[in-house]
């Protein structure tokens with residue numbers, strides 16, 4: 003017969019249990035962002051990135067999304083604004099390691115680091131900083 007006696011709840015156990023129900027806030031000891039690469043946004047003219055320009059600013063958070071079924075690049079990574087406007091792609095030459103990290107479940111994020119605000123064309127020059135969120 004199995005003994006179903008409840009385990010003794012220690013201070014540490016109580017704190018860890020509190021994490022799951024939001025009672026205790028414990029800072030992750032090694033959580034940090036690791037800079038991976040600064041790169042440009044490829045293909046901005048195909049996705050009307052110029053229309054998003056008025057809503058974009060320095061250090062704005064962007065969303066990266068893997069597109070493994072892309073017929074031109076199986077490691078493709080799309081770049082979107084947080085409201086869903088597609089800006090373009092991480093350039094093919096820069097995406098292999100980032101794509102594999104994303105496929106492995108790592109948290110990868112991007113921020114807009116520079117944009118040519120004087121461009122009069124649908125092709126908007128933009129640079130993004132891509133980081134790994136190590137938690």
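Residue numbers (our numbering): 3 to 137. Beta carbons are placed, not taken as given, at the ideal position from N, Cα and C, and that holds for glycine.
- If you draw a straight line from the Cα of residue 42 to the Cα of residue 67, it is about 16 Å long.
- Residue 55 and residue 84 have their C-alpha atoms some 13 Å from each other.
- DSSP places residue 51 within a helical segment (H, G or I) once states are collapsed to three.
- Judged by DSSP secondary structure, residue 100 falls within the alpha helix (DSSP H) whose first and last residues are 98–105.
- At a Cβ-Cβ threshold of 7 Å, residue 44 and residue 77 do not count as neighbours.
- Under the three-state reduction of DSSP output, residue 46 falls in the helix class.
- Of 111, 40, 134 and 81, the smallest CA-CA separation from residue 51 is found for 81.
- In the displayed model, residue 95 falls within a helix according to three-state DSSP.
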